[in-house]
Amino acid sequence: MLDLILVAWLSICAFYLWSDRRRIYLSFKIPGPTISETVNMLINTKLEDIYQEALNLYGKFPKICKIWTGPKLFVVVNDADNLHKILTSPSLSNKKFPYDFLRTIYGDGLITSSGLKHTIQRKQADPMFTLKAVEGYYSKLTKHTNVFIEKMGSKVDGPSFEVMDYLSEHLCNQTLDIIVGIDNNFENVQLEAPFTYELIKQIVHYFALRLQNFLHYPDFIYKLTKNYSEVIKLKEISNRWYSVLRKEKLPPILEKLKREKLTGVEEEDETMYERMIRNHMAYPKQLTEKDIEHQIYTLIAANQDTTVIATTMAVMMLGTHPKIQEKALNEIQSVVGDSSDITISDVHKFIYLEMCIKETLRLFPGAVYITRYVQTEFNLDEWVIPADCTLVLSIIKPHLSEEHWEKPKEFYPEHFLPEATSKRHPNAYFPFSLGPRRCIATTYAFVNMKLLLARILQNYLITSDLKFSELKFQYRISVTCTSGHMIKLTSRKRQ
Numbered sequence: 302m303l304d305l306i307l308v309a310w311l312s313i314c315a316f317y318l319w320s321d322r323r324r325i326y327l328s329f330k331i332p333g334p335t336i337s338e339t340v341n342m343l344i345n346t347k348l349e350d351i352y353q354e355a356l357n358l359y360g361k362f363p364k365i366c367k368i369w370t371g372p373k374l375f376v377v378v379n380d381a382d383n384l385h386k387i388l389t390s391p392s393l394s395n396k397k398f399p400y401d402f403l404r405t406i407y408g409d410g411l412i413t414s415s416g417l418k419h420t421i422q423r424k425q426a427d428p429m430f431t432l433k434a435v436e437g438y439y440s441k442l443t444k445h446t447n448v449f450i451e452k453m454g455s456k457v458d459g460p461s462f463e464v465m466d467y468l469s470e471h472l473c474n475q476t477l478d479i480i481v482g483i484d485n486n487f488e489n490v491q492l493e494a495p496f497t498y499e500l501i502k503q504i505v506h507y508f509a510l511r512l513q514n515f516l517h518y519p520d521f522i523y524k525l526t527k528n529y530s531e532v533i534k535l536k537e538i539s540n541r542w543y544s545v546l547r548k549e550k551l552p553p554i555l556e557k558l559k560r561e562k563l564t565g566v567e568e569e570d571e572t573m574y575e576r577m578i579r580n581h582m583a584y585p586k587q588l589t590e591k592d593i594e595h596q597i598y599t600l601i602a603a604n605q606d607t608t609v610i611a612t613t614m615a616v617m618m619l620g621t622h623p624k625i626q627e628k629a630l631n632e633i634q635s636v637v638g639d640s641s642d643i644t645i646s647d648v649h650k651f652i653y654l655e656m657c658i659k660e661t662l663r664l665f666p667g668a669v670y671i672t673r674y675v676q677t678e679f680n681l682d683e684w685v686i687p688a689d690c691t692l693v694l695s696i697i698k699p700h701l702s703e704e705h706w707e708k709p710k711e712f713y714p715e716h717f718l719p720e721a722t723s724k725r726h727p728n729a730y731f732p733f734s735l736g737p738r739r740c741i742a743t744t745y746a747f748v749n750m751k752l753l754l755a756r757i758l759q760n761y762l763i764t765s766d767l768k769f770s771e772l773k774f775q776y777r778i779s780v781t782c783t784s785g786h787m788i789k790l791t792s793r794k795r796q
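Okay, so the sequence shown: first residue is 302 according to the working numbering, each after it adds one.
Take a look at the structure:
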């Protein structure tokens, strides 16, 4: 009996190897760490450190390298030229791993979808993030920023505190207001809103846990785990939230559209949800109600997670670099004086502050790696990349390369002076990705972050007991400080 089982197992392995011979053959021509190096890393590395160690191991290869994890083939791409070729290629814009993990909760939204569906979703979402659209949201951005500044007053002259927690709550409330019209700060909202930053943090946490544990990649194994049960609970909370949201928000929107049809006058959309409903009524087959639900989850979570990390790290960098902080404040005062009424036109004049944000995103991009699925083999320099593999595209590698940056491991906003930018490789910096899947919310993110940072600097001196050279960073999905994001605030009005 055992002989028969062994023969059957060997036959299955032989069939797999033969049917996959082309992919295996091409992978042998691609450089990569030895099997012993990979096994040694997996055996001797703590689970929470596996992402960091993989980054160190595979980052040693200047251009590309391969990784086999069981039957899955990954090709890591590190150099700026090849990254640009891949990210700007429409034929390489499809996503599979690890975005399949996110579909469990977010569904097939703008981040996780591919092909024609993504093209349609992007076409419908683009108008929500134009400069004109951002100008329409600006009053809400200002309103929530003022609330945040007032709340921070309680931290003045107090001990160090974790600023990410406060920024997370602020940006979550702001995002909910702009996307679906839920204003937790100013109204006694009857609609429950469990899409708080704590919920989003849990979703990201379980996604990261699965990503760093190779044993949990197969669905049939992951569905047996406790983590999967927790993810399903989060999904159920999200579904209940959306069901109540739809019940509360949809009727007045439909009434408004009916009124527009009678009068022939189109009224301004108040939320992104309202615009999506309008698109659904016009093109019901292209944008279904389920698509709207998935899109809302995606927009809330993506905006919350990336903006929180970027803003938190910008505050940290200003707090650990007092001279840069003072220079940014001087610019703000030269534009608006002591006025707290900062217009969107003023925000566009904060050039040095924008350089500070760009430098923050260079050191701490929202994603360390992004991936693309290869459906058809293609040539990349001297290598042939086989079909049915995942490209792992390193954003952090060119961002920290001595080849492209004067002070790659330092916080140095002067990297983004016009003369420095003109001399640098054009593809050395892409925190919002490139090509057909480039982030559509770049303008919105910069306006929001510049307004928030300007108001913080107007009111408070940021300090930290930590020095930049002492900060320890952890590279997972994004870059975070292992020691936390601890700052102190002093009121500038008393200075």
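Idealized CB from N, CA, C, for every residue including glycine.
Limits of the beta strand (DSSP E) - the one that residue i falls within
i    : result
K367 : 365 to 370
K869 : No statement about residue 869 is possible, as the shown extent of the chain runs from 302 to 796 and does not include it.
S792 : 787 to 792
I763 : 761 to 764
N680 : 679 to 681
I643 : Neither: I643 is in no beta strand (DSSP E) and is coded neither H nor E.
Euclidean distance between Cα positions of residue i and residue j
i    : j    : result
L525 : K534 : 14 angstroms
S337 : T589 : 50 angstroms
F329 : G736 : 30 angstroms
E470 : P332 : 45 angstroms
M618 : F712 : 7 angstroms
E683 : K364 : 11 angstroms
T572 : L558 : 14 angstroms
A755 : Y670 : 30 angstroms
L516 : I643 : 51 angstroms
L630 : Q759 : 7 angstroms
H385 : N514 : 29 angstroms
C473 : R323 : 48 angstroms
T781 : K768 : 15 angstroms
M750 : I763 : 16 angstroms
I578 : A434 : 16 angstroms
G785 : S779 : 14 angstroms
G454 : L718 : 34 angstroms
P399 : F508 : 9 angstroms
W319 : Q587 : 41 angstroms
N489 : A668 : In this prediction, N489 scores a pLDDT of 41, lower than 50, which makes its location untrustworthy; the coordinate-derived value is nonetheless stated afterwards. Those two C-alpha atoms are separated by around 36 angstroms.
E556 : K591 : 21 angstroms
I593 : A583 : 13 angstroms
S415 : K456 : 45 angstroms
CB of residue i within 8 angstroms of CB of residue j, strictly
i    : j    : result
L654 : T446 : no
L327 : P553 : no
A381 : A729 : yes
K550 : V481 : yes
D458 : T791 : yes
Q422 : L411 : yes
R739 : S394 : no
H726 : H700 : no
I601 : T476 : yes
T697 : F731 : According to the sequence as given, residue 697 is Ile; it is not Thr. It is not a contact, given that the beta carbons lie outside the stated cut-off.
L692 : V378 : yes
V609 : L468 : yes
V545 : I406 : no
S702 : L388 : no
Buried or exposed by the 16-neighbour rule on C-beta atoms within 10 Å, applied to residue i
i    : result
V376 : buried
L442 : buried
Y598 : buried
Q566 : One point to set straight first is that residue 566 is Val, not Gln, in the sequence displayed. The residue is exposed, with fewer than 16 neighbouring Cβ atoms inside 10 Å.
P666 : buried
D478 : buried
M506 : With the sequence shown as reference, residue 506 is identified as His, and Met is not the correct amino acid for it. The residue is exposed, with fewer than 16 neighbouring Cβ atoms inside 10 Å.
F487 : Low local confidence applies: a pLDDT of 47 at F487 is under 50, so the model's placement there is unreliable, with the coordinate-based value given in what follows. Per the 10 Å Cβ criterion, exposed.
W542 : buried
F521 : exposed
M656 : buried
Contact test: residue i Cβ vs the ligand ADP heavy atom, cutoff 7 angstroms
i    : result
I533 : Inclusion of the ligand ADP in the displayed structure is not the case, the ligand content being empty and no account of it being possible.
Beta-carbon separation (whole angstroms), residue i vs residue j, contact threshold 8 angstroms
i    : j    : result
F430 : I741 : 5 angstroms
T621 : V464 : Rounded, the Cβ-Cβ distance is 12 angstroms, inconsistent with contact.
P709 : I625 : 17 angstroms between Cβ atoms; not a contact.
F462 : M787 : 7 angstroms
V616 : I757 : 7 angstroms
Enclosing alpha helix (DSSP H) for residue i [first to last residue]
i    : result
K562 : 527 to 564
R324 : 322 to 329
I686 : Element bounds for I686: not the alpha helix (DSSP H) but the beta strand (DSSP E), 684 to 686.
K773 : Careful: K773 lies outside any alpha helix (DSSP H) and carries neither H nor E.
R663 : 652 to 664
S394 : Careful: S394 lies outside any alpha helix (DSSP H) and carries neither H nor E.
Test: residue i CB closer than 8 angstroms to a CB of chain C
i    : result
I671 : Although the question refers to chain C, the structure presented lacks it and comprises just one protein chain.
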